[in-house]
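Numbering follows numbering that gives the first Met the number 0, in which position 307 of the sequence shown is assigned residue number 306; successive positions increment by one, without gaps.
Working notes for the structure below.
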Amino acid sequence: MPEGIEVDPEFGNPYNDIGAYLIEQGKHDEAIPWLERALRAARYESYHFPWFNLGRAYAAKDCYGRALECFRSHSRSSRSTPGERGPARRAPEDPLTPGEPPVANAFDVIIIGAGTGGYPAAIRAAQLGLKVAVVERQKTLGGTCLNWGCIPTKALLEHAHALKIAQASKEWGLILGDQPARIDMNQVQSRKDKIVTVLTRGVEFLFKKNGITWIRAVPACGPGTVEVTGDETQTLSAKEIVVATGSYARSVPGVEIDRTRIITSDEAIGMRTVPSSIAVLGSGPIGVEFATAFKRFGSDVTVIELLPHLVPLEDETISLELEKSFKKQGIAFHTSTTVTTAGRSRTASRSTRRWPTGRTGPSRPSTSWWRRAAAP
Ligand SMILES: Cc1cc2nc3c(=O)[nH]c(=O)nc-3n(C[C@H](O)[C@H](O)[C@H](O)COP(=O)(O)OP(=O)(O)OC[C@H]3O[C@@H](n4cnc5c(N)ncnc54)[C@H](O)[C@@H]3O)c2cc1C
């Protein structure tokens with residue numbers, strides 16, 4: 000903060016005030032980065048003061064083209080009603096304009112993880128005028144929800160629903176071929192991937208639009224610093240570090256995930272064949288979604304739940320309705336049942352479960368198991 004100026008961050012746009020102060024001092028080069036920052040922060044306020052001051056700064060530096068652009072933006076934004084989003088918030092690009100001396104790798108905020116927690120936080124911080132970097136190790140942004148969670152599972156359910164309608168084509172008045180409708184999992188996967196790509200690219204676009212730096216790497220945090228190891232190792236510094244690394248799939252004692260037969264939802268979401276039979280461990284929303292979709296696709300599905308009802312965290316009325324619906328769909332389920340072991344034979348994975356009476360016995364062979372449980 001330049002000496003001799005006091006700003007009240009609760010009032011107005013302090014970056015604009017600093018820029019204006021520096022112009023009065025004749026420090027036009029120093030004023031420009033503050034005014035650019037003022038434009039980024041001006042989302043909920045009027046834009047015209049920062050545009051006007053930026054125009055003054057450019058004019059003083061004999062950059063008349065850019066000054067003119069700023070004055071035009073100023074006059075456009077001063078005509079817009081208060082609170083309305085004004086014209087583009089980016090100041091005109093000028094590689095020759097001296098800006099704030101760049102402090103290599105110094106950020107106001109570094110966010111680790113670009114999932115549903117991390118990416119909105121990054122965008123908001125940038126909109127408020129902060130210099131933001133996001134460290135994300137995956138090759139796409141959006142985390143679990145966009146890449147292998149909420150969105151892809153809903154795509155799978157859409158396919159299951161489409162198949163249901165096609166299988167009842169006569170009732171629905173659809174004229175299809177003579178063959179009964181079946182599912183092509185390769186096509187399911189490619190449509191799902193397209194949906195995911197549109198959304199993750201959307202987040203990338205928002206990052207670019209808001210000037211957020213994405214570093215694709217794995218970080219190691221120290222006090223105020225983050226060391227990132229990607230293509231090269233570098234040390235970043237930040238006033239604030241936000242850890243938004245989400246959750247990962249974990250197993251239960253006695254069940255070792257081999258990611259081929261004994262799998263988690265992360266693998267299940269990418270399956271290109273329909274297994275003949277599946278046992279699903281856990282009947283939370285995720286287990287129930289997969290059970291429903293794969294039953295429709297043609298698998299023989301069994302759900303095993305430790306607690307007395309399906310979707311045990313929901314209201315009991317909902318659980319009872321779901322249990323009725325599962326019976327109708329032919330999805331087998333065992334509640335109050337603990338899975339104690341799971342392993343694979345040559346042709347299938349096998350499990351042992353314990354009934355509430357304490358009796359144990361083998362469950363039916365299954366080609367796949369999965370469970371996704373959040374582990375911090
Ligand atoms: C199959 C499935 C279906 C779901 N369906 C729904 C639904 O319908 N509705 C709903 O509300 N929720 C659903 N969820 C839950 C939802 O996806 C999560 O609650 C949400 O994604 C959590 O967001 P997050 O940002 O905390 O974590 P995440 O989305 O997991 O993001 C964390 C990010 O951090 C990155 N990361 C982790 N460690 C590091 C590291 N060391 N270095 C760099 N980056 C790292 C990860 O790569 C990841 O991108 C579902 C989850 C699953 C698995």
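Ideal Cβ placement from N, Cα and C applies to all residues, glycine included.
| Check | Outcome |
| --- | --- |
| Sequence-distant residues of its chain with Cβ nearer than 7 Å to residue 95 (five each side left out) | Residue confidence is low: residue 95 scores 34 on pLDDT, short of 50, so the model does not pin down where it sits. Its coordinate-derived value is still stated next. Here the set comprises nothing. |
| Touching by the beta-carbon criterion (3+ pairs, under 8 Å), the stretch 124-133 and the stretch 142-162 | no |
| Residue 137: CB within 7 Å of a non-hydrogen atom of ligand 1 | yes |
| DSSP three-state assignment for residue 239, whether helix, strand or coil | strand |
| Chain-order list of residues whose beta-carbon lies under 7 Å from that of residue 228 (same chain, five-residue window excluded) | 216 and 217 |
| The alpha helix (DSSP H) enclosing residue 47, as first and last residue numbers | 47-59 |
| Close-in-space but distant-in-sequence residues of the same chain around residue 296 (CB under 6 Å, 5 per side omitted) | 182 and 273 |
| Cβ separation of residue 159 and residue 337, assumed to be a contact under 8 Å, to the nearest whole Å | Contact doesn't hold; Cβ gap of about 29 Å is too wide. |
| Residue 124 Cβ short of 7 Å to ligand 1 heavy atom set | no |
| Segment contact flag, the stretch 276-292 with the stretch 325-344, C-beta cutoff 8 Å, min 3 pairs | yes |
| Contact check, residue 133 vs residue 213, beta carbons under 8 Å | yes |
| Residue range of the alpha helix (DSSP H) that includes residue 381 | What is shown of the chain runs 0 to 375, which leaves residue 381 out entirely. |
| Endpoints, alpha helix (DSSP H) assigned at residue 195 | 184-208 |
| CB contact flag (residue 261, residue 343, <8 Å) | yes |
| Simplified DSSP assignment, three categories, for residue 308 | coil |
| Any non-hydrogen atom of ligand 1 closer than 7 Å to residue 221 Cβ | no |
| Exposed unless 16 or more other CB atoms sit within 10 angstroms - verdict on residue 31 | buried |
| Under 8 Å between C-beta atoms of residue 237 and residue 226 | no |
| Status (buried if at least 16 other CB within 10 Å, exposed otherwise) for residue 33 | buried |
| Residue 239 and residue 28 closer than 8 Å at C-beta | no |
| Boundaries (first-last residue) of the beta strand (DSSP E) holding residue 280 | 276-280 |
| Integer Cβ distance of residue 310 from residue 321, believed to fall under 8 Å | 6 Å |
| Pair within 8 Å by beta-carbon distance, residue 135 and residue 172 | no |
| Start-to-end residues for the alpha helix (DSSP H) that takes in residue 291 | 284-296 |
| Ligand 1 heavy atom lying under 7 Å from the CB of residue 113 | yes |
| Check whether residue 145 and residue 199 have beta carbons under 8 Å apart | yes |
| Residue 147 - DSSP class collapsed to helix/strand/coil | coil |
| Inter-residue spacing [alpha-carbon to alpha-carbon] between residue 376 and residue 294 | No answer is possible for residue 376: it lies beyond the span of the chain, which begins at 0 and ends at 375. |
| Range of the contiguous alpha helix (DSSP H) that encloses residue 123 | 117-126 |
| Endpoints, the alpha helix (DSSP H) within which residue 16 is located | 13-23 |
| Nearest-angstrom Cα separation, counted from residue 61 out to residue 243 | 45 Å |
| Residue(s) in a DSSP beta bridge with residue 218 | 227 |
| Residue 94 - DSSP class collapsed to helix/strand/coil | The pLDDT assigned to residue 94 is 38, lower than 50, so where the model puts this residue is not dependable, and the model offers no usable value. |
| Continuous beta strand (DSSP E) stretch holding residue 107: start and end | 105-111 |
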